[in-house]
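Numbering (my numbering), first residue to last: 86 to 536. From the three backbone atoms N, C-alpha and C, an ideal C-beta is built for every residue, glycine too. Computed from a predicted model, the values in this text were never measured in an experiment.
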Ligand code: UDX
C-alpha cells in the first residue's frame with residue numbers, strides 16, 4: 086500500500102509539521118516517505134522521544150512502519166524546538182488541536198501559539214498551511230497574527246479517517262487547497278501531484294468551510310439512516326435492505342449507510358457542532374444541522390431505553406456487558422465514542438457495566454466507572470444483557486453458546502448488526518437489532534392495544 090521512495094532524490098520543499106498527533110504524524114511520515122525532508126514538532130518530549138526511537142502509540146495501521154522508515158532514511162526528524170525545526174522550512178503544516186467549547190466555538194490558542202512561535206523566524210516565501218480543521222476566517226486571523234507580507238498563508242484540510250489514515254494519505258479521494266496566490270497554489274499542488282487524485286484549488290474561506298461541510302454532510306446522512314432505522318423498527322421493516330436499494334442509486338452511493346447506536350469520533354461530532362456555531366455567528370442558523378446533532382443524542386438515549394424495555398423497564402442494578410468501547414472498529418479512540426455515550430447513560434441509570442474492546446485498555450475507561458474485562462466472554466459472566474456497540478469483526482466470530490453459558494440473562498442487543506441473527510437465537514438468546522423490526526415490548530403493546 087505504501088510506496089517507499091528510498092532511492093529517490095530529495096525533493097526541493099523542506100517541510101515542517103507542528104503537532105505529532107493523529108493528523109500531524111501521518112502527514113509528516115507520509116511526506117517523508119514521498120522523499121521530502123520533514124521536521125515534526127511537538128511540545129510533548131516523552132512522546133517525541135518514543136517517536137524518535139520508532140515507537141508510535143497511536144492505533145493506526147502502517148504508521149509505525151512509515152515512521153521507522155522515515156527515521157532510517159533520515160528524512161523524518163522529531164523536535165520540541167519549534168523555532169529550530171521551522172527556521173529552514175519552506176512549507177509549515179499546522180496540525181495542532183483545536184479544542185471545542187460547549188457552544189461549538191473553536192479554541193485556536195494552540196494554533197495561534199504555534200504561529201506566534203514560528204512567525205518571526207520562518208524564511209521569506211514560506212507557506213504556513215492550516216491542516217487542522219479550523220473555522221472559516223481563521224486564515225485571515227493568522228495572517229494578522231503573522232504580520233509579515235513575505236510569508237504566505239493557505240489551507241489544506243485533511244480527510245484522513247482514523248484506522249486508515251496512512252492509506253488515505255497515499256490514496257486520497259481528493260486534495261483540497263485553499264490559497265489566493267498562484268505560486269502558493271502551484272507549490273502546494275506539486276506536493277500532491279504524485280497521487281493522481283483530483284486537486285481542487287479554492288479560495289481559503291471555501292477550503293476552510295468545505296471540511297466542515299463534508300463531515301456535516303456525512304453526519305446528516307447517518308442521522309437520516311438512523312431515523313429510518315427507528316421507523317423500520319416501528320413498522321416491522323428492514324433498514325438494511327432499504328439502504329441497499331437506496332445506495333444503488335449512483336447519486337447516493339452505497340457507503341456510509343449503516344444504521345447504528347449513533348455516530349461519533351473525533352471529527353463528526355466536533356465538526357457538526359462547529360459548523361452549526363459558525364452558521365449562527367454568520368447570522369445563517371443551520372437548523373437542519375442542529376437537529377442532526379440533537380437527534381444523535383436521542384439515538385444514544387434510545388439504545389438505553391430499548392435495553393430497559395427488554396429488562397422489564399429498568400437497567401437499575403442490572404449487570405450489562407458491553408462489547409466495543411472505541412468509536413468505531415479499527416481504532417482505540419474513545420473521543421465522542423457512541424459506546425461511551427451509552428455506557429454513561431447506563432451508569433446514570435444505576436447499571437453495572439463491564440466493557441471489553443480489542444484495542445482499548447483498562448486504564449482508558451477506569452475513570453468512567455466501567456469495569457474492564459480482558460476477553461469478550463469475560464465481560465459476559467453474570468450479565469443480564471449484552472450490548473454490542475462497536476463493529477469489531479471478531480465479535481461475529483464468538484460462539485453464541487459460550488455467551489449464553491456465561492450470561493445470567495438472555496438479552497443481546499446488537500446495535501451494529503454484526504451478529505448472525507439465526508445462530509444467536511438458536512443459542513437461546515433474545516436478539517435485539519437496530520432497524521430490523523425486532524420485537525420491541527413497548528411498541529408491541531402499543532401496536533396490540535391500537536389493533
Ligand atoms: C471522519 C471522516 O470520515 C473523515 O473524512 C474525516 O477526515 C475525519 O472524520 P472518522 O472520524 O475516522 O472519519 O470516522 P468515520 O469512519 O467517518 O466514522 C464516524 C462515525 O460514524 C463512527 O462512529 C462510525 O461508527 C459511524 N458510522 C460510519 C456509522 O454509524 N455508519 C456508517 O455507515 C459509517
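Residues that residue i bridges to, as DSSP identifies them
i, result
"residue 498", "472 and 517"
"residue 408", "441 and 473"
"residue 161", "123"
"residue 185", "191"
"residue 261", "285"
"residue 240", "215 and 263"
"residue 457", "440"
"residue 102", "125 and 178"
Cβ neighbour criterion (16 or more within 10 Å) applied to residue i
i, result
"residue 403", "buried"
"residue 283", "exposed"
"residue 517", "buried"
"residue 533", "Model confidence at residue 533 stands at a pLDDT of 36, short of 50, so the residue's coordinates are unreliable; what they give is reported in the following sentence. It is exposed - the Cβ of residue 533 has fewer than 16 other Cβ atoms within 10 Å."
"residue 397", "exposed"
"residue 300", "buried"
"residue 450", "buried"
"residue 463", "exposed"
"residue 452", "exposed"
"residue 475", "buried"
"residue 266", "exposed"
"residue 446", "exposed"
"residue 442", "buried"
"residue 351", "buried"
"residue 268", "exposed"
"residue 536", "Below a pLDDT of 50, predicted positions are generally treated as unreliable, and residue 536, at 31, falls in that range; the measurement from the model is reported next regardless. When all chains shown are included, residue 536 counts as exposed."
"residue 189", "buried"
"residue 157", "exposed"
"residue 391", "buried"
"residue 114", "buried"
"residue 256", "exposed"
Selection from the options that minimises the alpha carbon distance to residue i
i, options, result
"residue 482", "505, 501 and 500", "505"
"residue 278", "260, 136, 102 and 503", "260"
"residue 520", "441, 102 and 345", "345"
"residue 297", "512, 102, 243 and 150", "243"
"residue 187", "293, 333, 174 and 354", "354"
"residue 240", "220, 258 and 257", "220"
"residue 201", "308, 185, 231 and 181", "231"
"residue 238", "131, 245 and 223", "223"
"residue 328", "307, 348 and 320", "307"
"residue 466", "494, 412 and 215", "494"
"residue 487", "373, 129, 460 and 206", "460"
"residue 478", "502, 204 and 341", "502"
"residue 435", "156, 399, 227 and 484", "399"
"residue 433", "386, 395 and 281", "386"
"residue 367", "263, 167 and 294", "294"
"residue 326", "310, 335 and 336", "310"
"residue 472", "484, 207, 438 and 372", "438"
"residue 491", "500, 508 and 512", "512"
"residue 340", "123, 303 and 182", "303"
"residue 236", "115, 213, 372 and 159", "213"
"residue 159", "124, 352 and 182", "124"
"residue 172", "203, 109, 195 and 181", "203"
"residue 34", "234, 229, 218 and 226", "Here the chain comprises residues numbered 86 to 536, so residue 34 is not present and cannot be evaluated."
"residue 263", "256, 255, 225 and 254", "225"
"residue 347", "185, 500 and 454", "500"
Integer-rounded CB distance, given that residue j should sit under 8 Å from residue i
i, j, result
"residue 152", "residue 139", "6 Å"
"residue 161", "residue 117", "4 Å"
"residue 112", "residue 216", "6 Å"
"residue 419", "residue 389", "18 Å between Cβ atoms; not a contact."
"residue 522", "residue 318", "6 Å"
"residue 143", "residue 107", "6 Å"
"residue 405", "residue 470", "5 Å"
"residue 133", "residue 165", "6 Å"
"residue 98", "residue 121", "6 Å"
"residue 556", "residue 498", "In the structure as shown, the chain begins at 86 and stops at 536. Residue 556 is therefore absent and cannot be evaluated."
"residue 444", "residue 411", "6 Å"
For the 8 Å Cβ check, are there 3 or more pairs between the segment 284-291 and the segment 341-360? no
Within the chosen definition, does the segment 310-328 reach the segment 263-277 through at least 3 CB pairs nearer than 8 Å? no
With three or more C-beta pairs closer than 8 Å as the rule, is the segment 94-111 touching the segment 170-179? yes
The segment 415-429 / the segment 374-388 touching (three or more Cβ pairs under 8 Å): yes
Spell out a yes or no on whether the segment 407-415 and the segment 246-256 are touching, meaning 3 or more CB-CB pairs, one atom from each, closer than 8 Å. yes
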